[in-house]
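As structure tokens, the structure follows; a few thoughts come after it.
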Amino acid sequence: MAPTTNTPSYILRYFDAIGLGESIKLLLTAANIEWTDEHPANGSPDFVICESGNIERYLARTYGLLPADLRKAALQEQLRDQMMDVVIAFSGYSRSISEEDKKAKKEAFEEIFEKFIALLTKTLQDNGSTGRLFGDSLSYADISIYTFFKNLVFVFVRLVAEIADYAKPKLTPEIIKLISTVETDPKLTKFVLKSGDLSAAVSA
61 MAPTTNTPSY
71 ILRYFDAIGL
81 GESIKLLLTA
91 ANIEWTDEHP
101 ANGSPDFVIC
111 ESGNIERYLA
121 RTYGLLPADL
131 RKAALQEQLR
141 DQMMDVVIAF
151 SGYSRSISEE
161 DKKAKKEAFE
171 EIFEKFIALL
181 TKTLQDNGST
191 GRLFGDSLSY
201 ADISIYTFFK
211 NLVFVFVRLV
221 AEIADYAKPK
231 LTPEIIKLIS
241 TVETDPKLTK
251 FVLKSGDLSA
261 AVSA
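Under our numbering, read the sequence shown as residues 61 to 264, first letter to last.
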């Protein structure tokens with residue numbers, strides 16, 4: 061990702077897919093920052109950063125979607141990292157070859173996924189079941205976790221056909237409310253619905 065000038069405007073070079081780049085797109089959209097979406101290409105701007113998590117944190121800090129308080133910020137960042145543990149477990153499961161390996165990795169994925177669902181639900185409950193993970197306004201954590209579920213339902217299913225049917229019944233009312241809260245945020249609604257209505261998908 062590279063800024064185009066000294067003004068806050070960015071070029072995001074990412075594949076034409078939801079993927080890990082979706083959180084970056086939502087952070088830029090939430091911050092009302094001008095940005096251009098391009099497919100990967102070589103370039104030589106003055107400031108280039110890479111790795112989706114690094115870009116997310118840079119944008120979240122720059123545009124106020126992570127709190128300045130380091131302890132409060134750490135709680136949001138650790139949730140994103142815990143989410144990536146689930147993604148890594150799914151990746152292992154989706155790439156397994158033998159039936160024995162597939163069975164073991166499926167069990168490992170389901171165990172960590174269900175623990176993560178419980179963690180998210182408790183975090184949402186501790187925040188008053190408002191549809192926000194922390195505080196009373198849109199946050200980095202809200203965007204990151206929303207993007208995870210969007211990938212799960214619309215992207216992961218291409219790798220493991222039954223994954224959405226397994227995961228959707230596990231989603232608690234608190235998590236479904238989080239998804240709806242992000243999708244109906246005035247800053248994000250128009251953009252997020254371009255890549256699919258997640259609220260409708262998890263309720264189907």
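Just so you know, even glycine gets a beta-carbon here, dropped at the ideal spot from N, CA and C.
- Look at the beta carbons and you see the stretch 195-212 touching the stretch 140-154: at least three pairs across the two are nearer than 8 Å.
- The beta carbon of Phe-173 sits closer than 6 Å to those of Val-146, all from its chain and outside the five residues before and after it, given in chain order.
- The stretch 242-260 and the stretch 192-207 touch, with three or more beta-carbon pairs separated by less than 8 Å.
- In this structure, Glu-94 lies away from Thr-207, with their beta-carbon atoms at least 8 Å apart.
- Going by beta carbons, Tyr-153 and Phe-169 fall inside the 8 Å limit.
- Going by DSSP, Ile-71 is part of the beta strand (DSSP E) stretching over 69-73.
- In chain order, Leu-126, Glu-137, Tyr-200 place their CB closer than 8 Å to the CB of Arg-117, counting only its own chain and leaving out the 5 sequence neighbours on each side.
- Taking C-beta separations shorter than 7 Å and ignoring five residues to either side along the sequence, the partners of Thr-190 in its chain run Asp-196, following chain order.
- If you look at Thr-96, you'll find it in the beta strand (DSSP E) that goes 94-98.
- Around the beta carbon of Phe-194, 16 or more other beta carbons sit within 10 angstroms, so the residue counts as buried.
- By the neighbour-count criterion, in which 16 or more other beta carbons inside 10 Å mark a residue as buried, Thr-96 falls on the exposed side.
- Rounded to whole angstroms, the gap between the alpha carbons of Glu-222 and Leu-253 is 23 Å.
- Nearest Cα to Asn-92 within the set Ala-120, Ser-259, Arg-155, Arg-218: Ala-120.
- Counting along the chain, Asn-187 sits inside no alpha helix (DSSP H), nor does DSSP assign it H or E at all.
- Around the beta carbon of Val-108, fewer than 16 other beta carbons sit within 10 angstroms, so the residue counts as exposed.
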